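Numbering (the working numbering), first residue to last: 360 to 799.
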């Protein structure tokens with residue numbers, strides 16, 4: 360494994376090059392005295408490890424001689440056994456199956472499929488501990504990227520809700536083995552299917568688990584719910600379960616910004632919506648709180664179907680949103696009109712490959728950005744730095760690329776005024792972040 364490949368393998372885990380054991384750095388750099396011991400000699404053996412700290416993606420990190428392990432179902436300070444399940448150069452991944460010294464923080468899992476199932480990462484700790492871990496990982500990542508800029512990081516706020524039954528969409532993998540139907544999620548580090556527990560998935564609402572149970576009792580699963588790739592795709596609309604890619608869905612959400620009201624928006628079949636049904640309103644209310652009043656114009660990049668725009672309609676009379684998907688842009692225009700907003704403009708643009716050519720949009724006093732996991736494109740970053748708006752909100756589902764982008768944007772003219780961790784994905788390795796940046 361070359362040094363570049365190793366660097367990118369570590370990137371997602373939030374590990375710096377210097378955190379690796381010296382022997383690993385030497386091996387990857389082509390050092391003449393690299394260890395003679397080959398990883399394949401230990402790959403089938405039961406290995407005793409002592410995890411030392413949490414890292415990104417729900418793992419704890421441990422070392423075995425010259426090898427670094429990333430462990431699922433481990434807690435720092437424990438002594439555990441694992442068998443390597445995935446290898447990349449001198450990096451190994453494994454799932455803990457036996458514990459010799461147990462942490463007082465460990466709790467019995469409430470799911471019989473954990474830790475084999477690849478869906479959840481934290482069912483061996485309490486939800487409050489999970490939130491502390493995620494907050495620690497976010498803090499550490501921001502400090503690692505922003506320390507060179509001498510940027511002061513404000514106290515991280517945490518927005519969370521009910522950790523059970525929160526998902527309004529799901530995609531269940533279907534298969535057969537020995538004449539028996541399988542339905543569930545992929546196993547960790549594998550494409551083998553782990554069956555759903557008899558009492559259903561803890562992350563899914565009761566309505567969805569009930570539909571799943573009924574469908575799977577039938578000899579042939581109803582085709583309306585199943586794709587050609589044998590994936591059972593469901594979406595919750597109120598209390599009704601509908602096919603994810605077959606029907607558009609209408610959502611109604613009561614929000615309190617600035618006074619109680621109901622907003623209504625539609626998502627096209629297969630379109631994106633926040634998956635946590637409990638946190639949509641609190642998330643919108645937090646965004647409303649952070650965006651300044653009486654803006655001449657707000658520019659939103661990666662605007663989706665216009666949900667943020669219609670929720671923040673009292674902030675400005677002029678809103679320009681850009682989004683790659685033509686269907687989402689059409690939906691955003693309909694959603695705005697459905698909620699009595701007629702002056703907002705939504706446009707189709709590939710922000711990865713194209714420049715924003717509207718000077719009117721670029722002169723907006725405040726920007727809102729909600730990019731995919733890869734972060735802001737180079738063109739958006741360059742434009743943001745050149746135009747230097749009064750402030751902006753950056754909502755991200757990847758705190759590593761968020762921190763990277765902030766390290767390129769923040770300078771003596773800006774300050775980081777708010778960081779909020781939004782736990783849209785309880786019990787999993789994922790979370791979202793909102794940051795507010797203001798010009799000094």
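Beta carbons are placed, not taken as given, at the ideal position from N, Cα and C, and that holds for glycine.
All figures in this text were calculated on a predicted structure; none of them were measured in a lab.
Please name the residue, chosen from 712, 796, 444, that lies closest to residue 651 on a Cα-to-Cα basis.
As a first step, residue 651 is located in the chain shown; it is residue number 292 there, counting from the start. It is 796.
I'd like to check one pair, residue 721 with residue 727: are the Cβ atoms closer than 8 Å?
Numbered from its first residue, the chain shown carries residue 727 at position 368. Numbered from its first residue, the chain shown carries residue 721 at position 362. No; because the gap between Cβ atoms is not below 8 Å, this pair is not in contact.
Contacting residues, own chain, Cβ-Cβ under 7 Å from residue 669 (five flanking each side not counted):
The residue given as residue 669 occupies position 310 in the chain shown. If the five residues before and after residue 669 are omitted, its C-beta is found closer than 7 Å to the C-beta atoms of 622, 624, 694, 695, 698, 700, all from its own chain and listed in chain order.
In angstroms with no decimal places, state the Cα-to-Cα distance between residue 481 and residue 491.
Mapped onto the chain shown, residue 481 falls at position 122. Mapped onto the chain shown, residue 491 falls at position 132. Linking residue 481 to residue 491 through their CA atoms gives a straight-line distance of about 12 Å.
For a minimum of 3 consecutive residues, which ranges assigned as the beta strand (DSSP E) are wholly contained in the segment 592 to 632?
The segment 592 to 632 contains these whole beta strand (DSSP E) runs: 599 to 602, 608 to 615, 619 to 626.
Excluding the 5 residues flanking residue 677 on each side, which residues of the same chain have their C-beta closer than 6 Å to its C-beta?
Position 318 of the chain shown, counting from 1, holds the residue named residue 677. Cβ within range, chain order: 656.
Pop quiz: residue 616 and residue 643 are said to be a contact at Cβ under 8 Å. What is the actual Cβ separation, rounded to whole angstroms?
For this step, residue 616 is matched to residue 257 along the chain shown. For this step, residue 643 is matched to residue 284 along the chain shown. So it is a contact: roughly 7 Å between Cβ atoms.
Three-state class that DSSP yields for residue 319 in the structure shown:
Since the displayed the chain opens at 360 and closes at 799, residue 319 lies outside it and no answer follows.
Backbone CA spacing between residue 733 and residue 756 [nearest angstrom]
Taking the chain shown and counting its residues from 1, one reaches residue 733 at position 374. Taking the chain shown and counting its residues from 1, one reaches residue 756 at position 397. Residue 733 and residue 756 have their alpha carbons spaced roughly 9 Å apart.
Just to check my reading of the structure: residue 608 and residue 626 have Cβ atoms closer than 8 Å, yes? What is that Cβ distance to the nearest angstrom?
Here residue 608 is taken as the residue at index 249 of the chain shown, counted from 1. Here residue 626 is taken as the residue at index 267 of the chain shown, counted from 1. Between residue 626 and residue 608 the Cβ distance is about 5 Å, and since that is below 8 Å, they are a contact.
Under a Cβ-count criterion, where at least 16 other Cβ atoms within 10 Å of its own Cβ denotes burial, should residue 674 be classed as buried or exposed?
Your numbering for residue 674 matches position 315 in the chain shown. The C-beta of residue 674 has 16 or more other C-beta atoms within 10 Å across all chains shown, which makes the residue buried.
Across which residues does DSSP place residue 422 in a beta bridge pair?
The sequence position of residue 422 within the chain shown is 63, counting from 1. DSSP output for residue 422 lists 427 as bridge partner(s).
Tell me the rounded alpha-carbon separation between residue 505 and residue 769.
Taking the chain shown and counting its residues from 1, the one referred to as residue 505 is at position 146. Taking the chain shown and counting its residues from 1, the one referred to as residue 769 is at position 410. For residue 505 and residue 769, the gap between their C-alpha atoms comes out near 9 Å.
In the DSSP assignment, find the beta strand (DSSP E) that holds residue 682 and state where it starts and stops.
Locating residue 682 in the chain shown gives position 323, where the first residue counts as 1. Annotation: the continuous beta strand (DSSP E) that includes residue 682 extends over 678 to 682.
Cβ-based neighbour list, residue 641, same chain, cut-off 6 Å, excluding 5 preceding and 5 following:
Counted from its first residue, the chain shown places residue 641 at position 282. In its chain, beyond the 5 residues on either side, 518 have a beta carbon closer than 6 Å to the beta carbon of residue 641.
Start-to-end residues for the beta strand (DSSP E) that takes in residue 443:
For the purposes of this step, residue 443 is identified with residue 84 of the chain shown, where counting begins at 1. Residue 443 -> beta strand (DSSP E) spans 438 to 447.
Quick check on the DSSP output: the beta strand (DSSP E) that includes residue 704 runs from which residue to which?
Numbered from its first residue, the chain shown carries residue 704 at position 345. Taken as a continuous stretch (DSSP letters only), the beta strand (DSSP E) holding residue 704 covers 704 to 707.
With DSSP collapsed to three states, give me the class of residue 685.
As a first step, residue 685 must be located in the chain shown, where it is residue number 326. Assignment of residue 685 by DSSP, reduced to helix, strand and coil, places it in the helix class.
When the distance is taken between beta carbons, is residue 497 closer than 8 Å to residue 510?
By 1-based counting over the chain shown, the position of residue 510 is 151. By 1-based counting over the chain shown, the position of residue 497 is 138. Against a cut-off of 8 Å, the Cβ pair of residue 497 and residue 510 comes out as no contact.
Residue 705 versus residue 632 - alpha carbon distance
Sequence index remark: in the chain shown, residue 705 carries index 346 (1-based). Sequence index remark: in the chain shown, residue 632 carries index 273 (1-based). If I take the Cα positions, the gap works out to 17 Å.
Using CA coordinates, which residue listed in 546, 654, 791 is at the minimum distance from residue 473?
Your numbering for residue 473 matches position 114 in the chain shown. Checking every option, the nearest Cα to that of residue 473 belongs to 546.
For residue 539, does the three-state DSSP call read helix, strand or coil?
The residue labelled residue 539 in the question sits at position 180 within the chain shown. Reduced to three states, the DSSP call for residue 539 is strand.
Note the first and the last residue of the continuous beta strand (DSSP E) segment covering residue 753.
The residue you call residue 753 lines up with position 394 of the chain shown. Where residue 753 is concerned, the enclosing beta strand (DSSP E) stretches over 750 to 755.
DSSP state of residue 548, grouped into three classes?
As a working note, residue 548 is residue 189 in the chain shown. Correct three-state label for residue 548: coil.
Would DSSP call residue 388 helix, strand or coil?
Here residue 388 corresponds to residue number 29 of the chain shown, with the count starting at 1. Reliability of the predicted coordinates at residue 388 is poor, the pLDDT of 46 falling under 50, and the value obtained from them is presented with this limitation in mind. In this structure, residue 388 counts as coil in the three-state DSSP scheme.
Buried or exposed: where does residue 412 fall if 16 or more other Cβ atoms within 10 Å of its Cβ makes it buried?
Start at 1 with the first residue of the chain shown, and residue 412 comes out as number 53. Classification of residue 412: exposed, given that the 10 Å Cβ count is below 16.
Kindly give me the distance between the Cβ atoms of residue 590 and residue 533, rounded to whole angstroms, as I take these residues to be in contact under 8 Å.
For the purposes of this step, residue 590 is taken as the residue at position 231 of the chain shown. For the purposes of this step, residue 533 is taken as the residue at position 174 of the chain shown. About 7 Å separates the two Cβ atoms, so the contact holds.
Tell me which residue opens and which closes the alpha helix (DSSP H) that residue 776 is part of.
Here residue 776 is taken as the residue at index 417 of the chain shown, counted from 1. Note, residue 776: premise wrong, no alpha helix (DSSP H); beta strand (DSSP E) at 773 to 781.
Residue 685 classed as buried or exposed, judged by whether at least 16 other C-beta atoms fall within 10 angstroms:
Looking up residue 685 in the chain shown gives position 326. Per the 10 Å Cβ criterion, exposed.
Consider the C-beta atom of residue 562 and the heavy atoms of the ligand NAP; say whether any pair is separated by less than 7 Å.
Ligands are entirely absent from the displayed structure, and the ligand NAP is therefore not among its contents.
Please go through the same chain and pick out, in chain order, the residues whose beta-carbon is closer than 8 Å to the beta-carbon of residue 653, but skip the five residues on each side of it.
Counted from its first residue, the chain shown places residue 653 at position 294. Excluding positions up to five away in sequence, the list reads 674, 675.
C-beta atoms of residue 648 and residue 663 nearer than 8 Å:
Taking the chain shown and counting its residues from 1, the one referred to as residue 648 is at position 289. Taking the chain shown and counting its residues from 1, the one referred to as residue 663 is at position 304. A distance of 8 Å or more separates the beta carbons of residue 648 and residue 663.
Which residues in the same chain have their Cβ closer than 7 Å to the Cβ of residue 763, if we skip the five residues on either side of it in sequence?
Translated into positions along the chain shown, residue 763 becomes position 404. Closer than 7 Å at Cβ, skipping near neighbours: 504, 734.
What residue range does the alpha helix (DSSP H) around residue 642 cover?
For the purposes of this step, residue 642 is identified with residue 283 of the chain shown, where counting begins at 1. For residue 642, the uninterrupted alpha helix (DSSP H) segment begins and ends at 639 to 649.
Is residue 723 near residue 667, with beta carbons less than 8 Å apart?
By one-based count along the chain shown, residue 723 stands at place 364. By one-based count along the chain shown, residue 667 stands at place 308. In this structure, residue 667 does not lie closer than 8 Å to residue 723 by Cβ.
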